[in-house]
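Numbered per full-length UniProt numbering, the sequence shown spans residues 1 to 452. Yeah, the Cβ is synthetic: ideal placement off N, Cα and C, and Gly gets one too. Here the structure is a predicted model, which is why all the values come from computation and not from measurement. This report refers to the structure that appears directly beneath it.
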Amino acid sequence: MDVSLIRHLTLIDDVWQGARLASVSLADLGLLLGVALMLFLAFRALAQKRFIEDLPLSTCAGLTVGMCRVRGKARADGEHDLLRAPGSNSPVVYWSERVEEQVAVVDEAPPTRRRRRHRRVRYEWREVSRRASRASFWLEDETGRVEVDPQGAQMHTRVDFQEVIETGGPNTRRRSRARRRGGRTGLRRREVRVIHPGEEVSIIGPARLVEAGDRLRIGPGHWSAPAYVITTLGEAKITRNYGRWALFLLLVAIAILGWWVGSDDLLAMKTAAPGGPTSEPYPGARALLMVWALACVVVLYLKVILDGMVALQNRVERAWSMLEVELARRHRLITTLVELVRGYGAREAELLRELTRRRALAQPGEDPVAGGDALAEAYPDLRVSEHYRRLMEELRATEDRVARARAFYNDSVERHNTRLQRFPDSLVARALGVRPVPDERERRHTNAASVR
């Protein structure tokens, strides 16, 4: 018989035995479902980490509709818009209070031949209550400010006030009883986290248009955002926490799978034999399930990489479109300004020629503008200078917008190209033929050359 046919039959048998695992043991099915849940949470955290890292930094004046990452100082319009933090009573734009109580847990180990009965007491803090209050505030930087609605955001702030109190007064008898039997010790801990006005705040969230007006606001909208985080700790700490959590879940899931595959008595398949029912383990099925799990890990990781590349490419194209719009707007303004200056110069030259001709025709000692003020009345009320001033102000504002759009595009290109140079993203990009994106100057030169 052909060897390849034998291998295929063996593989089909292993697949069949692996498919029968769920009907054999509910405990094993629950274990596999738990591992699958841990893998899902791990790669979700990894996707969040890469999403925050790939999001370019914007300014308050350079925000656009969609997901953004912006940094500035929290401001309020007045004292009436501020909140009062519990404990310190200081004016804040956000505060959260968490109360925990201390509980003694007694762990007793049965006696063995080498040691007597072992008893150990450990203390835990368990949450009793949590409350928070948040108010809308302004995020301000050197370019401008934007309104922030913190409802629904994940808040990561510093501790402003912390204290440990004893409920019911000093009670050493209660603590000693809890040390012997376990239970509450009578100690409570209160922790207050706040955002003060003027404090540096980093926001990762959706920017949307306000219903009544054309200004932007950062906050929850009608569409679901991948993330909405407000932090005073910096984005680096948030991404590190996501990375550590993803790595921990992944390692635990792989360790559980390895232990499950290597165990001898966790799973055994019942098969019928001529002499009667016997119990035979099927290590091939376990190994196959382990291979499937590792294949799922690889596929999910590749999905995270591909999704990140697609998001980066779309963001680069969006940034280029924004830059082209601002450049076209500047071109129209400059053209209008040049035409206005030319018309203004031609009108001034015509008036000067008319005035020179009138003075040449006037009699000696006669004022050419005297006599009914005819020439003074005919002289137009020139308002070109006012229009010129407005155009110059708009041109300066457009130059600022062009500079912000150019910085946003170059930052998006840098993050895209940096991601393509990292391992294993570089291998995936090379296999799919994804190439680095040129910066703004090189792309304009390439577009001009293609038009020619």
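Can we say the stretch 138-156 touches the stretch 200-216, given the rule of at least three CB pairs closer than 8 angstroms?
yes
Where does ALA132 land, buried or exposed, given buried means 16+ other C-beta within 10 angstroms?
Here residue 132 refers to the residue found at position 132 when the sequence shown is read from its first residue. The residue is exposed, with fewer than 16 neighbouring Cβ atoms inside 10 Å.
Would you call the CB atoms of MET322 and PHE408 closer than 8 angstroms?
Along the sequence shown, read from residue 1 onward, the residue named residue 322 stands at position 322. Along the sequence shown, read from residue 1 onward, the residue named residue 408 stands at position 408. Cβ atoms of MET322 and PHE408: closer than 8 angstroms.
Mark VAL93 as exposed unless 16 or more other C-beta atoms lie within 10 angstroms of its C-beta, in which case mark it buried.
As a position in the sequence shown, residue 93 is number 93, starting the count at 1. Result: buried.
So what does DSSP say about HIS196, is it helix, strand or coil?
On the sequence shown, position 196 is the one that residue 196 refers to. Reduced to three states, the DSSP call for HIS196 is coil.
Please state the DSSP three-state secondary structure of PHE423.
In the sequence shown, residue 423 corresponds to position 423, counting from 1. PHE423: coil per DSSP, three-state reduction.
Who does GLU386 pair with in a DSSP beta bridge?
Locating residue 386 in the sequence shown gives position 386, counting from the first residue. None; GLU386 has no bridge partner.
Give the secondary structure of CYS296 by DSSP, where H, G and I count as helix, E and B as strand, and everything else as coil.
By one-based count along the sequence shown, residue 296 stands at place 296. The answer is helix: DSSP assigns CYS296 an H, G or I state.
Hey, how far is the Cα of VAL105 from the Cα of TRP259?
By one-based count along the sequence shown, residue 105 stands at place 105. By one-based count along the sequence shown, residue 259 stands at place 259. Rounded to whole angstroms, VAL105 to TRP259 spans 29 angstroms at the Cα level.
Three-state class that DSSP yields for ASP107 in the structure shown
Within the sequence shown, the letter at position 107 stands for residue 107. Looking at ASP107 - three-state DSSP - the assignment turns out to be strand.
Taking just the CA atoms, how far does ALA405 sit from PHE423?
Here residue 423 corresponds to residue number 423 of the sequence shown, with the count starting at 1. Here residue 405 corresponds to residue number 405 of the sequence shown, with the count starting at 1. If I take the Cα positions, the gap works out to 30 angstroms.
GLN154: first and last residue of the uninterrupted beta strand (DSSP E) it sits in:
For the purposes of this step, residue 154 is taken as the residue at position 154 of the sequence shown. It spans 154-156 - the beta strand (DSSP E) in which GLN154 sits, taken as one unbroken run.
I need the straight-line Cα distance from LYS73 to GLU142, nearest angstrom please.
As a first step, residue 73 is located in the sequence shown; it is residue number 73 there, counting from the start. As a first step, residue 142 is located in the sequence shown; it is residue number 142 there, counting from the start. Looking at the two C-alpha atoms, the distance is approximately 10 angstroms.
Please report the straight-line C-alpha distance between VAL434 and TRP245, rounded to a whole angstrom.
To locate residue 434, count along the sequence shown from 1; it is residue 434. To locate residue 245, count along the sequence shown from 1; it is residue 245. Computed Cα separation, rounded: 30 angstroms.
Determine the closest residue to TYR228 out of ILE218, ALA236 and LYS237, with distance taken between C-alpha atoms.
Your numbering for residue 228 matches position 228 in the sequence shown. Per the Cα distances, ILE218.
How many angstroms separate the CA atom of THR398 from the CA atom of GLU326?
Looking up residue 398 in the sequence shown gives position 398. Looking up residue 326 in the sequence shown gives position 326. If you take the alpha carbons of THR398 and GLU326, they lie about 7 angstroms apart.
Check whether the Cβ atoms of VAL297 and LEU46 lie closer than 8 angstroms to each other.
Taking the sequence shown and counting its residues from 1, one reaches residue 297 at position 297. Taking the sequence shown and counting its residues from 1, one reaches residue 46 at position 46. Cβ distance not < 8 angstroms, so VAL297 and LEU46 don't count as in contact.
Simplified DSSP assignment, three categories, for ARG329
Position 329 of the sequence shown, counted from the first residue, corresponds to residue 329. Correct three-state label for ARG329: helix.
For ARG69 versus LEU57, is the C-beta distance shorter than 8 angstroms?
The count along the sequence shown starts at 1 and reaches residue 69 at position 69. The count along the sequence shown starts at 1 and reaches residue 57 at position 57. Yes, Cβ-Cβ distance for ARG69 and LEU57 is below 8 angstroms.
Paired residues, beta bridge with LEU187 - DSSP:
The residue you call residue 187 lines up with position 187 of the sequence shown. Beta-bridge pairing links LEU187 to GLU166.
Taking the straight line between their C-alpha atoms, what separation do you get for VAL210 and MET67?
Mapped onto the sequence shown, residue 210 falls at position 210. Mapped onto the sequence shown, residue 67 falls at position 67. Distance between the alpha carbons of VAL210 and MET67: 15 angstroms.
Using beta-carbon positions only, say whether GLU79 and VAL103 come within less than 8 angstroms of one another.
Position 79 of the sequence shown, counted from the start, is the residue given in the question as residue 79. Position 103 of the sequence shown, counted from the start, is the residue given in the question as residue 103. Taking 8 angstroms as the Cβ cut-off, GLU79 and VAL103 do not qualify as a contacting pair.
Buried or exposed for ASP264, going by 16 or more other Cβ atoms inside 10 Å?
As a working mapping, residue 264 is identified with position 264 in the sequence shown. With a pLDDT of only 48 at ASP264, under the threshold of 50, the placement of this residue in the model should not be trusted; the figure read from the coordinates follows. ASP264 comes out exposed.
So, are the CB atoms of PRO226 and PHE51 less than 8 angstroms apart?
Indexing the sequence shown from 1 puts residue 226 at position 226. Indexing the sequence shown from 1 puts residue 51 at position 51. Yes, these two residues count as a Cβ contact at 8 angstroms.
Give me the DSSP bridge partner(s) of CYS60.
Here residue 60 refers to the residue found at position 60 of the sequence shown. Bridge partners of CYS60: none, in fact.
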